[in-house]
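J.:
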Amino acid sequence: KDIDDLVNFGCKHGVDFVAASFVQSGEDVRFIRRVLDENGGADIQIISKIENEEALQNFDEILEETDGVMVARGDLGMEIAAEKVPLAQKMLIQKSNRAGKFCICATQMLESMISNPLPTRAEMTDVANAVFDGTDATMLSGETANGAFPASAVRHMASIASEAEVAVDYYDQFKFLRYCHSWESISAAESVAASVVKSSIDLQEDKDGNGVVDANEGTVIVVVSSSGAQADLISKYRPPCPIVVVTDSKQVARHAAGRYGQRPLLVDSLKGSAQNLAGRAISFAKEGGFLHAGMHVVVCHGASEACADAHPTAAVTTLEAAASSPQAPMRLRRATTTYQDFHARNFVSCQRNVTLDLELISEPDLTMPRAAKIVCTMGPKCWDTATISKLLDAGMNVARLNFSHGNHEGHKAVLDTLRTAYVAKAAEMQQSLGLKTKPTWSVLLDTKGPEIRTAMLRDHKAIEIEAGQTVIVEAVGAAYTSFEGYKTDEETRIGLSYDKLCQSVKPGNRILIADGTISLRVEEILSDRELRATCLVSKKLGERKNCNLPGIKVDIPVLTEKDIDDLVNFGCKHGVD
Numbered sequence: 085k086d087i088d089d090l091v092n093f094g095c096k097h098g099v100d101f102v103a104a105s106f107v108q109s110g111e112d113v114r115f116i117r118r119v120l121d122e123n124g125g126a127d128i129q130i131i132s133k134i135e136n137e138e139a140l141q142n143f144d145e146i147l148e149e150t151d152g153v154m155v156a157r158g159d160l161g162m163e164i165a166a167e168k169v170p171l172a173q174k175m176l177i178q179k180s181n182r183a184g185k186f187c188i189c190a191t192q193m194l195e196s197m198i199s200n201p202l203p204t205r206a207e208m209t210d211v212a213n214a215v216f217d218g219t220d221a222t223m224l225s226g227e228t229a230n231g232a233f234p235a236s237a238v239r240h241m242a243s244i245a246s247e248a249e250v251a252v253d254y255y256d257q258f259k260f261l262r263y264c265h266s267w268e269s270i271s272a273a274e275s276v277a278a279s280v281v282k283s284s285i286d287l288q289e290d291k292d293g294n295g296v297v298d299a300n301e302g303t304v305i306v307v308v309s310s311s312g313a314q315a316d317l318i319s320k321y322r323p324p325c326p327i328v329v330v331t332d333s334k335q336v337a338r339h340a341a342g343r344y345g346q347r348p349l350l351v352d353s354l355k356g357s358a359q360n361l362a363g364r365a366i367s368f369a370k371e372g373g374f375l376h377a378g379m380h381v382v383v384c385h386g387a388s389e390a391c392a393d394a395h396p397t398a399a400v401t402t403l404e405a406a407a408s409s410p411q412a413p414m415r416l417r418r419a420t421t422t423y424q425d426f427h428a429r430n431f432v433s434c435q436r437n438v439t440l441d442l443e444l445i446s447e448p449d450l451t452m453p454r455a456a457k458i459v460c461t462m463g464p465k466c467w468d469t470a471t472i473s474k475l476l477d478a479g480m481n482v483a484r485l486n487f488s489h490g491n492h493e494g495h496k497a498v499l500d501t502l503r504t505a506y507v508a509k510a511a512e513m514q515q516s517l518g519l520k521t522k523p524t525w526s527v528l529l530d531t532k533g534p535e536i537r538t539a540m541l542r543d544h545k546a547i548e549i550e551a552g553q554t555v556i557v558e559a560v561g562a563a564y565t566s567f568e569g570y571k572t573d574e575e576t577r578i579g580l581s582y583d584k585l586c587q588s589v590k591p592g593n594r595i596l597i598a599d600g601t602i603s604l605r606v607e608e609i610l611s612d613r614e615l616r617a618t619c620l621v622s623k624k625l626g627e628r629k630n631c632n633l634p635g636i637k638v639d640i641p642v643l644t645e646k647d648i649d650d651l652v653n654f655g656c657k658h659g660v661d
């Protein structure tokens with residue numbers, strides 16, 4: 085299914101990203117890359133979902149191969165001790181930051197907003213802490229796909245992220261990220277990128293003396309990049325300001341939707357002078373409301389051409405109060421920021437600090453332009469044009485198509501609606517705000533992956549399982565959609581879709597069903613197909629419930645046939661991002 089989803093939806097319809105479920109190794113990522121590349125999806129970027137202990141153990145090799153990472157806290161919390169998930173989150177985000185790979189923090193971030201108009205205080209804190217940890221994006225799942233208040237959920241998440249970003253100590257954060265590489269050499273391009281970010285921090289001015297650098301006192305970075313590589317290096321060092329990415333690549337513009345701080349400006353060509361392109365970027369930033377008179381602009385461009393990807397250099401200009409023409413020639417002076425460090429550390433450390441004071445907490449109008457992006461899962465509650473428009477107004481950057489549900493025909497209808505809404509919203513914003521450039525958003529295909537589920541039940545009726553009761557579990561494999569479990573006076577028997585269950589588990593292991601609400605302890609392996617288990621809680625069991633085997637290496641390929649079909653015949657075919 086996964087392969088079908090990738091091939092016949094992702095590649096076919098051109099999604100922008102593919103979030104691959106159940107990635108366990110670097111080879112898994114390389115396999116997905118081959119499927120995409122061989123079916124016209126070379127521009128589709130891979131997001132590896134970290135969902136079990138095996139992925140944690142092999143995270144370094146996964147990180148080397150993947151384009152991005154998703155901290156999938158739901159399944160991860162079933163596979164490892166739940167109280168360890170916050171530690172795993174910090175480690176995964178921190179390693180992603182060090183490697184310069186974008187990271188999405190996902191699952192239950194504003195869960196209560198599925199049925200409530202306001203998030204809990206704990207949920208608000210959770211979103212803010214993900215921003216403090218260094219995530220590039222936070223993700224909404226059921227909140228937008230099936231919730232009663234999808235646009236409100238996006239709006240709250242955007243507001244929380246903006247408030248959290250004001251509190252980050254960017255100077256200390258930069259030092260920390262730079263320390264991570266002080267024991268090894270870095271490329272000239274990365275050295276320039278780090279210098280650009282350091283300059284953007286140094287050039288901030290607290291002009292009103294209130295102890296906070298407000299939005300109109302900060303800086304803006306402009307980078308000219310055809311491949312997006314130099315822009316990504318700048319995002320890696322987490323500047324305290326928007327990054328205007330001037331590019332001639334539609335893919336780079338759409339991929340910017342998932343990157344920290346990036347605001348894409350799509351142009352026809354990068355063959356003009358750096359000064360003219362910087363002028364267009366400054367006009368774009370002014371129209372967007374995040375560049376004001378007197379603010380400094382740090383421009384990263386090429387040494388001998390406008391594009392900074394090959395031989396980057398940096399220059400600084402100041403926006404004068406009288407500057408109004410976007411095409412006016414600009415005087416760029418060379419940036420001279422340097423950096424030295426004597427505190428090399430060769431381990432994963434998460435000692436990031438935030439700066440807070442009473443005014444920052446009590447004053448509601450100190451937010452900076454939001455850098456963390458928002459991914460929204462599409463579903464029946466939000467896949468109409470009107471609601472998509474509301475999500476875009478509220479701050480959605482990436483639309484997620486969940487291929488655990490639906491078929492290609494249904495997803496194509498949603499994709500068409502999304503792209504229609506994108507075009508309409510861009511035109512509306514151009515007219516209402518007087519923008520000269522079109523805003524861009526992107527599309528993410530999330531594969532179903534090799535899930536383990538319970539089989540059908542006799543007469544399709546749920547059965548009551550009691551604590552202490554013996555349950556026979558049968559590994560029925562692909563027949564789980566036809567096998568029927570039952571409960572009689574003699575025995576209770578259920579089926580699982582994992583055909584190598586009895587070869588993978590041993591007595592003492594646990595089988596968690598329905599998000600852990602049902603827990604079975606393995607007592608005895610009866611055959612290569614059956615085992616005996618004891619139920620630890622009293623609960624009603626339904627059909628097709630998800631299962632987890634915490635601490636067990638599961639022998640399942642990262643992509644099913646459906647996944648590959650989805651990547652090739654949808655993702656690659658239709659150009660997802």
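Going from the sequence shown to the numbering used here is simple: count from 1 and add 84. All C-beta atoms in this analysis are idealised placements derived from N, C-alpha and C, irrespective of residue type, glycine included. Since we're looking at a predicted model, the values are computed, not measured.
Return the residue from the list S243, V276, A337 that minimises the CA-CA distance to Y321.
T.: On the sequence shown, position 237 is the one that residue 321 refers to. Answer by Cα proximity: V276.
J.: Less than 9 Å between the beta carbons of A362 and V308, yes or no?
T.: Your numbering for residue 362 matches position 278 in the sequence shown. Your numbering for residue 308 matches position 224 in the sequence shown. For A362 and V308, yes; Cβs fall inside 9 Å.
J.: Using a Cβ-Cβ cut-off of 6 Å (strictly less than) and excluding sequence neighbours within five positions of L349, which residues of its own chain qualify?
T.: As a position in the sequence shown, residue 349 is number 265, starting the count at 1. Around L349: V328, V330, A365, F368, T521.
J.: Grab the span of the alpha helix (DSSP H) containing V382 for me, first residue to last.
T.: Stepping through the sequence shown from its first residue, residue 382 is reached at position 298. Where V382 is concerned, there is no enclosing alpha helix (DSSP H), although the beta strand (DSSP E) it sits in stretches over 380-386.
J.: Suppose you measure from the CA of L499 to the CA of L529; what does that come to, to the nearest Å?
T.: Residue numbering aside, residue 499 sits at position 415 when the sequence shown is read from its first letter. Residue numbering aside, residue 529 sits at position 445 when the sequence shown is read from its first letter. When rounded, the distance between both Cα atoms is 10 Å.
J.: Leaving out five residues before and five after V336 in sequence, what residues of the same chain have Cβ atoms less than 6 Å from its Cβ?
T.: Locating residue 336 in the sequence shown gives position 252, where the first residue counts as 1. Cβ within range, chain order: G312.
J.: Less than 9 Å separating the beta-carbons of I131 and L120?
T.: As a first step, residue 131 is located in the sequence shown; it is residue number 47 there, counting from the start. As a first step, residue 120 is located in the sequence shown; it is residue number 36 there, counting from the start. No.
J.: With DSSP collapsed to three states, give me the class of C95.
T.: Here residue 95 refers to the residue found at position 11 of the sequence shown. It is coil, neither helix nor strand.
J.: Quick one: using the 10 Å Cβ neighbour count with 16 as the cut-off for buried, is Q141 buried or exposed?
T.: For the purposes of this step, residue 141 is identified with residue 57 of the sequence shown, where counting begins at 1. When all chains shown are included, Q141 counts as exposed.
J.: By the 10 Å Cβ neighbour count, where 16 or more other Cβ atoms means buried, how is R118 classified, buried or exposed?
T.: Within the sequence shown, the letter at position 34 stands for residue 118. Exposed.
J.: Just to confirm before moving on: does the CB-CB distance between E163 and N632 stay below 9 Å?
T.: Within the sequence shown, the letter at position 79 stands for residue 163. Within the sequence shown, the letter at position 548 stands for residue 632. Yes, the pair counts as a contact, with Cβ atoms nearer than the cut-off.
J.: To the nearest whole angstrom, what separates the beta carbons of D86 and D477, a pair I think is in contact under 8 Å?
T.: The residue labelled residue 86 in the question sits at position 2 within the sequence shown. The residue labelled residue 477 in the question sits at position 393 within the sequence shown. Rounded, the Cβ-Cβ distance is 33 Å, inconsistent with contact.
J.: Within the same chain, show all residues whose beta-carbon is closer than 6 Å to that of S488, passing over the 5 residues directly before and after it, in chain order.
T.: Numbered from its first residue, the sequence shown carries residue 488 at position 404. Cβ within range, chain order: K532.
J.: Measure the alpha-carbon distance for L416 versus Y344 and round it to whole angstroms.
T.: On the sequence shown, position 332 is the one that residue 416 refers to. On the sequence shown, position 260 is the one that residue 344 refers to. Residue confidence is low: L416 scores 48 on pLDDT, short of 50, so the model does not pin down where it sits. Its coordinate-derived value is still stated next. Spanning the two alpha carbons is a distance of roughly 25 Å.
J.: Where F431 and Y254 are concerned, what is the direct C-alpha to C-alpha distance, given to the nearest angstrom?
T.: Along the sequence shown, one-based indexing puts residue 431 at 347. Along the sequence shown, one-based indexing puts residue 254 at 170. Only weak support is given to the placement of F431: the predicted model assigns it a pLDDT of 45, under 50, and the question is left unresolved by the model.
J.: Who are the near neighbours of I640 in its chain, counting only those whose CB is closer than 6 Å to its CB and skipping five residues on each side?
T.: Here the question's residue 640 lines up with position 556 in the sequence shown. Result list for I640: P534, in chain order.
J.: What does DSSP give as the partner residue(s) for F101 in the beta ladder?
T.: Position 17 of the sequence shown holds residue 101. Q129, L528.
J.: Would the beta-carbon of Q288 fall within 9 Å of that of P324?
T.: What you label residue 288 is simply residue 204 of the sequence shown in a count that begins at 1. What you label residue 324 is simply residue 240 of the sequence shown in a count that begins at 1. Yes, these two residues count as a Cβ contact at 9 Å.
J.: Look at D159 and E135 and say whether their C-beta atoms are less than 9 Å apart.
T.: In the sequence shown, counting from the first residue as 1, residue 159 sits at position 75. In the sequence shown, counting from the first residue as 1, residue 135 sits at position 51. Against a cut-off of 9 Å, the Cβ pair of E135 and D159 comes out as a contact.
J.: What does the Cβ neighbour count give for G554, buried or exposed, with the cut at 16 atoms within 10 Å?
T.: Stepping through the sequence shown from its first residue, residue 554 is reached at position 470. Checking the displayed sequence, the identity of residue 554 turns out to be Thr instead of Gly. So T554 ends up on the exposed side.
J.: Should Q515 be labelled buried (16 or more other beta-carbon atoms within 10 Å of its own) or exposed?
T.: Numbered from its first residue, the sequence shown carries residue 515 at position 431. So Q515 counts as exposed.
J.: How would you call V107, buried or exposed, if buried means at least 16 neighbouring beta carbons within 10 angstroms?
T.: Sequence index remark: in the sequence shown, residue 107 carries index 23 (1-based). By the neighbour-count rule (16 or more Cβ atoms within 10 Å), V107 is buried.
J.: For A392, I'd like the list of residues in its chain whose CB is within less than 7 Å of its CB, leaving aside the five on either flank, ordered along the chain.
T.: One-based indexing of the sequence shown puts residue 392 at position 308. Result list for A392: V307, V308, S309, Q314, C384, H385, G386, in chain order.
J.: Checking the sheet assignment: what are the DSSP bridge partners for Q346?
T.: What you label residue 346 is simply residue 262 of the sequence shown in a count that begins at 1. I327, per the DSSP bridge assignment.
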